[in-house]
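Take a look at the structure set out below.
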Amino acid sequence: MNELATGFPILTFLTVLPLAGAAIALFAGKHARGVALLTSLACLVVALVVWTLLPADGSIGLVELHPWAPSIGIDYHLGVDGLGALMLVLSAIVTLMSVDASHRVHHMPGLFYGLILILESGLFGSFTALNFFQWFLFWELSLIPAFFLIKLWGGQRRGPAATQFFIYTMAGSVALLLSFLAIFLATGSMDFVQLAAMAASGTLSRMVTAHLGAVMPWLAIGVLAGFAVKVPLVPFHTWLPAAYAEAPSPVTMLLTGGMSKMGVYGLLRIALPIFGVQIAAMRTPLLVLAVITVVMGAWAAAAQKDLKRVFAYSSVNHLGYCLLGIFALAVPVYGPAAQASQAAALNGVILQMFNHGITAAAIFWFIAMIQFRTGGLRGINDFGGLRKPAPVLAGLMGIVLFSSLGLPGLNSFVSEFLIFRGVFPLAWVAATVSILGLLVTAIVILTVIQKVFSGPVPEHWKNFPDLHHSERMALAPVIGLMFLVGLAPRLILDTINPTVVNLLAHWRF
Amino acid sequence: MVAAGVFLVARVYPLMSIGAEPGGTTAALTVVTWVGAATAVFAALIAIAQNDIKRILAYSTVSQLGYMMAGLGLGGVAVGLFHLITHAFFKALLFLGAGSVIHGCHEEQDIRRMGGLRADMPLTFATYAIAMLALCGFPIFFSGFWSKDAILEAAQHWSVAKGPFYLLVFGALLTAFYMMRQVSYVFLGYWRGRKVAHESPAVMTLPMTVLAFFAMALGLIGTPAWPWFHAFLDNRAAVFDLHAFAQPAWLMLLATSSLVVFLGLGLGWRLYGNKSPRPEEPDALEKSTPWLWAPLHDRLYVDEFYGVTVVAFFTWWARVADWLDRRVWGGIVAAVAWLFGLWAQLNRSLDVNWVDGGFDKTCEELSSGGGLLASVQSGRVQSYLRILAAAVVALAIILFWSSRP
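As you go down the protein sequences, you meet chains Y and C in turn. The first sequence lines up with residues 904 to 1412 when you count with this note's numbering. The second sequence lines up with residues 19 to 423 when you count with this note's numbering.
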């Protein structure tokens, strides 16, 4: 274990930092944005430090373990491996982007930035917690600021969207909570690491069955329900288009860039290690749902007329690839070839989480810029020929859109390729049908580019303002990151792969 | 770029030919052959009836890619790739020539509004003519002849069927025909455009001259007498042997393909040569055989076919996905919410009418009963005394009554 980890509780520090920033921002009035920028920048630095301090063997490091309420199985238990640390970096980047994108917020800025920072703290907390109680606390904590951010700063139909978002996610959480209460009843533990070890040795299933009867599959379904809503998995996704469309664009960036990853992360950190056998038993129906998520998500995007709804569905489609990879690898494998496929799929899933977070957040950032320039317009047919008056906007957004499309050389290609490389040998039918999703996504995104950026320029957009200097400077690092990950994915994969190997060695299907 | 597909087939040729006996073929290669031969004729037919100078060349390219595919399927990598390379030069030259013509004619692309350019653009005409003859497979002097002949030769000796051979020969006839038509419209006859055309500058004509040289000379590396290209791909030295030209089979093929080329050029000349129809006038083929012209001019309805199948399915299915979301999944969520509301209403009415209601009833009775009693306790001493007196009387009567024996 690292010396710094024993000496300095860096994960606790990272989680508390945005809360402190939020407390200051609340009372900082018009300086709230500055406070939020500084705080999120500091968080990014700390998250990058965490990334460099990971144990080389891919195990969980930087552990902080203190008894909290031991009699009811609650410890203060933090730790990250490559997966958790990458999510910390992603959350920090997306929050920074979101804060930067919200410089048009003039309505109660103190509260707005305070809530964004609380949401960041919730993300950090849930990506580092290793005890169910504590994890659930942060899982719910992140929901509250998100609800108010949609409810108070959202679009015209923000009320129903916020309520639906909140209640839907809560319903999933309740199922999750019930499952874990049952687990606690049977085992007396809420610790993810302990439970995973018990599941791998088979004792978990025996203890649960002895105490409660043959309920393990139901507990697995409860846990899956919680994550299925969050990711989302079709048909538990109907809250998403409304929430993404009605939330102010900076908040949509956080929803898609950060919060949707909580679901995928939960599947990897909680569902697969503890319920691996049960998920493997339900693999075929789950794969069917994942394929539907990929394919119908893409096709539903093709039918949308609102840019934010297009990319909301596109998010469903892109996270569908993560679900496809996760469910495909949940199968007992024998031999090095199949193990390599599993590892490729899992590497792809984790990298896809990161890539989708960056790319989707960037897309909504561009939509925010377009909305600002047009007084809130975001219909796919409201524009045309924008590349003539705003060539830089068109060019840079084009890069980001091509990243979303999966163009080689940009980030998403690597992760989607890895997922398909891994999934094809493990579940070739699912992989083959899902390829349709790639095709349809390409059509959707090219249609957007065509309708917004090419063709004749309408008279009233002749003077559409291009990106100004500070916007270009803010976007440059994000687009640079897309190229960097696309051209040198080893920068991330070299740290992720040990974790992948380590996880796969401990999972049992 | 389009050659990438041909190259890919050449690359995976070892996979496709697995299991083939010497001189035999495989199912995969048979498919490649038939698809290639059909493409060659199909695209050539469409090219006949187009009026855009570059569109004709585009369909011609599709047709020639069909030849390359058929060459791969019939004769192997060397045959297919040889045509790929010769075609690359003369088709690049044709497109450069077309660009030069378009530039010279002030961005006009319709061949009906050209004509007589051989005088205005002599260098473009000369190089274009070379490339056109190479594409047609004009014997001996042009590279296209050698590469196309190799494909036809392989087709003639194919053991499976003779169909591809006839298709490819017919395609060669069509190629000569549509190229003659195009050249007649563009370079022969008299000028029908608006502004006067001019020759392009050297920066355009010079590359065309270089390409023209290769369009002729490149055939040298793949003749039957010195099949250097074939040998190079097989990684062996090429043998120079002039006797190959004296083979009766080859001479026969030479005669056949020459005949086909001259027939195609002749037909084209007969219909279009030096005619210079006015732009508004129907095409010569349209006049003679309108039933043939219409479908060819409309590109055999391939786009329309995709429109009503793939594109229609795509948009329909997108609407289905959206409908599923809004109506089915959204409907289920709405139904659950509605049931929750209903349940809440039920609870409320139970509360109001039964739980609260019972409680309220008891309270009401208590308070009304209290009211009744309260009205008695009026504080008037006279009425108290009156009640007391009445009570004493009543009590006395009761005592008296009950004490009776």
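Positions of the beta carbon are idealized from the N, C-alpha and C atoms, including for glycine.
{"Query": "Cross-strand partners of Y/A1032 (DSSP beta bridge)", "Result": "Y/L981"}
{"Query": "Pairwise C-alpha distance: Y/L981 and Y/G910", "Result": "14 Å"}
{"Query": "Where C/A214 sits in the DSSP three-state scheme", "Result": "Sequence inspection shows Val at residue 214 of chain C; the Ala mentioned does not correspond to that position. Coil."}
{"Query": "Beta-bridge partners of Y/G970, as assigned by DSSP", "Result": "Residue identity differs from the one stated: residue 970 of chain Y is Pro in this sequence, not Gly. Note: Y/P970 sits in a beta bridge opposite Y/D978."}
{"Query": "Span of the alpha helix (DSSP H) around Y/R1061", "Result": "1061-1090"}
{"Query": "Y/P1188: CB within 8 Å of a non-hydrogen atom of the ligand ATP", "Result": "Absence of the ligand ATP from the depicted structure is noted, as is the absence of any ligand whatsoever, leaving it without description."}
{"Query": "Exposed unless 16 or more other CB atoms sit within 10 angstroms - verdict on Y/A908", "Result": "Bear in mind that the predicted position of Y/A908 carries a pLDDT of just 47, short of 50, making it unreliable; the figure below should be weighed with that in mind. Buried, since its Cβ has 16 or more Cβ neighbours within 10 Å."}
{"Query": "Any chain Y beta carbon closer than 9 Å to C/L342", "Result": "yes"}
{"Query": "Three-state class that DSSP yields for Y/D1413 in the structure shown", "Result": "With chain Y represented from 904 up to 1412, any question about residue 1413 of chain Y goes unanswered, as that position is not in the structure."}
{"Query": "Proximal chain Y residues relative to C/G376, where beta-carbon distance stays under 8 Å", "Result": "Going along chain Y, no residue has its Cβ under 8 Å from C/G376, so there is no contact; the nearest lies around 33 Å."}
{"Query": "Contact list for C/G359 against chain Y, beta-carbon separation under 8 Å", "Result": "Simply none; closest approach about 12 Å."}
{"Query": "Residue closest to Y/A1240, alpha-carbon to alpha-carbon, out of Y/F1356, Y/R1324, Y/L1296, Y/A1379", "Result": "Y/R1324"}
{"Query": "Any C-beta of chain C under 9 Å from that of Y/I975", "Result": "no"}
{"Query": "Neighbour flag for C/A168 against chain Y, beta carbons, 9 Å", "Result": "no"}
{"Query": "C/N365 burial status per 10 Å Cβ neighbour count (16 or more: buried)", "Result": "exposed"}
{"Query": "C-beta contact flag for C/G284 and C/L206 at 9 Å", "Result": "no"}
{"Query": "Every unbroken beta strand (DSSP E) within the stretch 1230-1268 of chain Y, with a cutoff of 3 residues, ordered by chain", "Result": "none"}
{"Query": "Same chain only: Cβ atoms within 7 Å of Y/S962, ignoring 5 sequence neighbours per side", "Result": "D984, N1405"}
{"Query": "Interface partners of C/G348 on chain Y, CB under 7 Å", "Result": "T1141"}
{"Query": "Rounded separation between C/D316 and C/E322 - CA only", "Result": "9 Å"}
{"Query": "Three-state secondary structure (DSSP) of C/G430", "Result": "Nothing about residue 430 of chain C can be read from this structure; chain C reaches only from 19 to 423."}
{"Query": "Buried/exposed call for C/R422, threshold 16 Cβ in 10 Å", "Result": "exposed"}
{"Query": "Minimum Cβ-Cβ distance from C/T327 to chain Y less than 9 Å", "Result": "no"}
{"Query": "Interface partners of Y/W1410 on chain C, CB under 8 Å", "Result": "Those within 8 Å of Y/W1410 in chain C number zero; the least Cβ separation is about 31 Å."}
{"Query": "Chain C contact residues for Y/W1202, given Cβ-Cβ distances below 7 Å", "Result": "W335, A336, A339"}
{"Query": "Backbone CA spacing between Y/A1064 and Y/L951 [nearest angstrom]", "Result": "35 Å"}
{"Query": "Of the listed residues C/G189, C/G211, C/R288, nearest to C/M198 (C-alpha basis)", "Result": "C/R288"}
{"Query": "Proximal residues to Y/N1400 (C-beta, below 7 Å), its chain only, five neighbours per side dropped", "Result": "N1250"}
{"Query": "Cutoff 9 Å: Y/P1188 Cβ touching any chain A Cβ", "Result": "As a matter of chain content, chain A is missing from the structure shown, whose protein chains are Y and C."}
{"Query": "Alpha carbon of C/T193 to alpha carbon of C/A62, nearest angstrom", "Result": "6 Å"}
{"Query": "Coil, strand or helix - Y/L989 by DSSP", "Result": "helix"}
{"Query": "Where Y/P1176 falls, given that 16 or more other Cβ within 10 Å makes a residue buried", "Result": "buried"}
{"Query": "Within-9 Å CB hit, Y/V1343 to chain C", "Result": "yes"}
{"Query": "Span of the alpha helix (DSSP H), counted from its first residue to its last, around Y/I913", "Result": "913-929"}
{"Query": "Which residues DSSP lists as bridging C/D374, in chain order", "Result": "None; C/D374 has no bridge partner."}
{"Query": "Y/E967 vs Y/L917 beta-carbon contact at 9 Å", "Result": "no"}
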